[in-house]
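Comments concern the structure below.
Residue numbers (our numbering): 1 to 624.
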């Protein structure tokens, strides 16, 4: 069936003329379609090397109507920071919004089992930053959001879509709602009262897709911006369509597992995930079809598609596996979601719309950070006062020559030559920088670690006569030892960029169970006192100098861990081994962090993240 929608899309879709046709509305519509965890190799038109079983005819057809970028990247390897970066135009390293479920006191993922711990990172969209929908709204756009939010510590906490300039928002899970008791039960049926009732093409009714279409139907008479944030193909990995599941079992020659929640097959053999990818294609195809077949009320005689820009991409690379379940394979890219390696950050990226040539494939390196400034230019929206972007305006690239990297320029007018990712979280603990054909990986957990080197250098491509030839996109051949000068220079540039952004870095864990250099010299807190809003801590240096201190505080402590949101501010190092900090108004609980010269972090009271993960509030000092 999915092919039927693709067949409805003529080759003229979104091609656009070099100059606007007479009567074209001044303000074009914008559809930002962000998939969830869709890998670079999960879309058929991106297939290289071993062919994938996934069927995506509607997305493939879209690629023929505009520009298909082979080197499109997400701003981060996980969903929340990518979404925050796209909506703010601010790099995750600068906003401190580098991972999901932030806003917690820093601590090791396991108190004694991990050598390092992530730094504090924010739990929400960067405060005070004018969001993309706010900017568009000021220019007369009706703004809508459908689907996943994930720009707040909790889905129900601040900020919500209305706080960031969305006029309309719905967040129904649709077919992604978890199947119970497991994924071989609760398939959609033809019954009239089934909320996932199969449609005429045998696909389950997906309320999230209906929501997105509803927004367009209700607001097509005005210029609109729709952030269609589908929850596909994120976990739980399942399908409501028994027909699709059986189809891919037959196609792959596999049988369903005895344990429904497990899949042990390697590569792209998970029939549940195959079905999810085709479902994604079908539902977004419904949107493409509607735009193509519906007359534009603002431009009689023309379809909505003729004056609508579409940006189709993913929030991060594909999620390859989870405990007990192999999901997909990003090969030839290395790793996947939750890593700054190519598999975690390279994503499908297709852009179509008026004035953009059809059927173009481009090797120009593009990042989700580029969307905000580009959309402003395409819509004639002024840049908000004082707004600085970490991405580039690629509208000239799209309109003139999508294959000319010289058209992507930074603020000083020079051609962009580099792009970086910062992920000091989880167990990845890495930063990366791409400069031309080369990519450098910096691993933070390298000291006295036989399994990890500090620097990895890879030549992804070799550029010859303006054309890129694939060399090592697998990141399999580490050249750092053979090219030490290049590794050093790229590392220096990475440091300079991260320093300018005031990025935060991981710390060593003083509770690590095994030997760790300088662990025995970490400082200790001897006593503390509170006088009004001023708190003082007295510490002892045990061989290592204290170089800075941080106050970690919350305004809503004392409840369940995921209800609390913690913030960070510098504390002052005073004479006589004293630390002083002023508690912000409304503080309920607080923790002090000391960082010594060997990059060990000591918390007082001691923070045990394993305890926090049991939904218990961390040990902290109470204001009362």
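Using N, Cα and C, we set each Cβ at its ideal position, and we do this for glycine too.
Predicted model, so just to flag it, every value in this text is computed and none were measured.
Distance CB(residue i)-CB(residue j) smaller than 7 angstroms
i, j, result
"residue 377", "residue 135", "no"
"residue 533", "residue 582", "yes"
"residue 234", "residue 272", "no"
"residue 97", "residue 84", "yes"
"residue 366", "residue 78", "no"
"residue 226", "residue 215", "yes"
"residue 595", "residue 547", "yes"
"residue 223", "residue 29", "yes"
"residue 393", "residue 373", "yes"
"residue 212", "residue 188", "no"
"residue 432", "residue 340", "yes"
"residue 243", "residue 202", "yes"
"residue 550", "residue 538", "no"
"residue 277", "residue 36", "no"
"residue 206", "residue 175", "yes"
"residue 476", "residue 487", "no"
"residue 307", "residue 296", "yes"
"residue 229", "residue 369", "no"
"residue 335", "residue 327", "no"
"residue 599", "residue 458", "no"
"residue 424", "residue 92", "no"
Burial state of residue i (16 or more Cβ within 10 Å)
i, result
"residue 169", "buried"
"residue 415", "exposed"
"residue 268", "buried"
"residue 524", "exposed"
"residue 128", "exposed"
"residue 113", "exposed"
"residue 574", "exposed"
"residue 275", "buried"
"residue 7", "Here residue 7 scores only 45 on pLDDT, less than 50, and its place in the model should not be relied on; the value that follows carries that caveat. The residue is exposed, with fewer than 16 neighbouring Cβ atoms inside 10 Å."
"residue 12", "Because residue 12 sits at a pLDDT of 42, beneath the cut-off of 50, its placement in the model cannot be relied upon, and the following sentence gives the value as read from the coordinates. Looking at its Cβ environment, which holds fewer than 16 other Cβ atoms inside 10 Å, residue 12 is exposed."
"residue 193", "exposed"
"residue 587", "buried"
"residue 362", "buried"
"residue 462", "exposed"
"residue 262", "exposed"
"residue 451", "exposed"
"residue 16", "Bear in mind that the predicted position of residue 16 carries a pLDDT of just 40, short of 50, making it unreliable; the figure below should be weighed with that in mind. Burial call: buried."
"residue 105", "buried"
"residue 345", "buried"
Where the beta strand (DSSP E) through residue i begins and ends
i, result
"residue 348", "346-352"
"residue 569", "566-574"
"residue 581", "578-582"
"residue 144", "142-147"
Residue i versus the options, residue with shortest Cα-Cα distance
i, options, result
"residue 445", "82, 426, 483", "426"
"residue 40", "623, 69, 347", "347"
"residue 80", "148, 334, 535, 21", "148"
"residue 563", "64, 32, 123", "123"
"residue 509", "174, 221, 522, 497", "522"
"residue 333", "318, 413, 281, 325", "318"
"residue 60", "46, 558, 341", "46"
"residue 142", "450, 566, 506, 162", "162"
"residue 518", "504, 530, 541", "541"
"residue 469", "491, 487, 437, 483", "437"
"residue 221", "505, 140, 503", "140"
"residue 324", "341, 623, 359, 260", "260"
"residue 577", "556, 607, 544", "544"
"residue 74", "89, 308, 585", "89"
"residue 138", "447, 396, 379, 419", "379"
"residue 705", "555, 130, 155", "As shown, the chain starts at 1 and ends at 624. That puts residue 705 outside it, with no answer to give."
"residue 420", "502, 71, 435", "435"
"residue 158", "126, 177, 182, 86", "126"
First through last residue of the alpha helix (DSSP H) which encompasses residue i
i, result
"residue 272", "271-293"
"residue 133", "132-137"
"residue 248", "242-252"
"residue 197", "Premise fails: residue 197 is in no alpha helix (DSSP H) and is neither H nor E."
"residue 586", "Unbroken run through residue 586: none, as it is neither H nor E."
"residue 217", "207-219"
"residue 496", "484-500"
"residue 84", "79-88"
Query - Given 8 angstroms, three or more beta-carbon pairs between the segment 298-306 and the segment 400-408 - result: As far as the Cβ criterion goes, the segment 298-306 does not touch the segment 400-408, which means the pair count is below three.
Query raised in the report: Pairing CB atoms from the segment 348-355 with CB atoms from the segment 313-329, are three or more of them under 8 angstroms?
Result: Taking a cut-off of 8 angstroms for Cβ pairs, the segment 348-355 and the segment 313-329 touch, as three or more such pairs fall below it.
Requested in this report: Determine contact between the segment 488-506 and the segment 548-563, defined as no fewer than three beta-carbon pairs at a distance below 8 angstroms.
Outcome: Under the Cβ criterion (8 angstroms, minimum of three pairs), the segment 488-506 does not count as touching the segment 548-563.
Query raised in the report: How do the segment 279-286 and the segment 50-59 stand: do at least 3 beta-carbon pairs fall below 8 angstroms, yes or no?
Result: Yes, since at least three Cβ pairs between the segment 279-286 and the segment 50-59 fall closer than 8 angstroms, the two stretches touch.
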